[in-house]
Amino acid sequence: RKDEIMKAIGKKLDRYKNPWLELKIQYGQNKGKLYNEECDRFMICMIHKLGYGNWDELKAAFRTSPLFRFDWFVKSRTTQELARRCDTLIRLVERENQEYDERERQARKEKKLAKSATPSKRALARQQTESPTSSLKKRKQR
Numbered sequence: 001r002k003d004e005i006m007k008a009i010g011k012k013l014d015r016y017k018n019p020w021l022e023l024k025i026q027y028g029q030n031k032g033k034l035y036n037e038e039c040d041r042f043m044i045c046m047i048h049k050l051g052y053g054n055w056d057e058l059k060a061a062f063r064t065s066p067l068f069r070f071d072w073f074v075k076s077r078t079t080q081e082l083a084r085r086c087d088t089l090i091r092l093v094e095r096e097n098q099e100y101d102e103r104e105r106q107a108r109k110e111k112k113l114a115k116s117a118t119p120s121k122r123a124l125a126r127q128q129t130e131s132p133t134s135s136l137k138k139r140k141q142r
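Here is the structure:
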């Protein structure tokens with residue numbers, strides 16, 4: 001499970017050039033008002049860096065980070081609360097990865113269908129060379 005989580009987070013972060021700044025998280029309807037997006041972004045990036053399950057190190061990273069110097073709420077969270085929030089974020093990331101894979105698969109399927117529906121260049125060239133002769137035959141018949 002730990003490896004799956006790390007792969008999911010890695011896959012999510014690979015879509016961004018600078019995930020520390022650009023990472024977007026698709027929250028459901030129940031976006032919590034306690035943690036902000038910057039905090040969640042930091043959490044996901046640090047899990048990727050430190051590894052899943054190193055909650056004490058994550059807590060220390062929050063405490064030493066200049067980003068959260070004045071954020072008392074985040075600094076006062078226990079390791080269990082941070083772990084719970086990380087699990088929630090990981091579920092969101094996994095769901096987003098699934099949706100992304102579905103869209104990619106669908107796009108590939110549509111591209112394949114579009115490719116097979118349009119005739120190849122060779123077939124088009126064959127049709128163009130045949131069509132003038134068939135129109136001449138029709139004229140001769142009249």
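Residues in the sequence shown are numbered consecutively from 1, following UniProt numbering. Every residue gets a Cβ at the ideal spot worked out from N, C-alpha and C, and that includes glycine. Source: prediction; values computed, not measured.
- Three or more Cβ pairs drawn from the stretch 33-41 and the stretch 74-90 lie within less than 8 Å of each other, which places the two stretches in contact.
- Secondary structure note for G10: its alpha helix (DSSP H) is the uninterrupted segment 2-14.
- Separation of the CB atoms of R41 and L23 is rounded to 5 Å, and the pair is thereby assigned contact status at 8 Å.
- Linking G53 to K115 through their CA atoms gives a straight-line distance of about 46 Å.
- Its Cα nearest to that of L21, the residue I44 stands out among R1, E94, A8, I44.
- The DSSP-derived three-state label of R95 is helix.
- In the structure shown, I25 adopts coil according to DSSP, grouped into three states.
- By the neighbour-count criterion, in which 16 or more other beta carbons inside 10 Å mark a residue as buried, L67 falls on the exposed side.
- Its Cα nearest to that of M6, the residue H48 stands out among Y16, Y27, G28, H48.
- Judged by beta-carbon spacing, Q26 lies within the 9 Å limit of R95, meaning their Cβ atoms are closer than that value.
- Per the C-alpha coordinates, the member of A83, C39, K31, R15 positioned closest to D71 is C39.
- Inter-residue distance for L50 and R85 is about 16 Å (C-alpha atoms, whole angstroms).
- Collapsing the DSSP output to three states places S116 in a helix.
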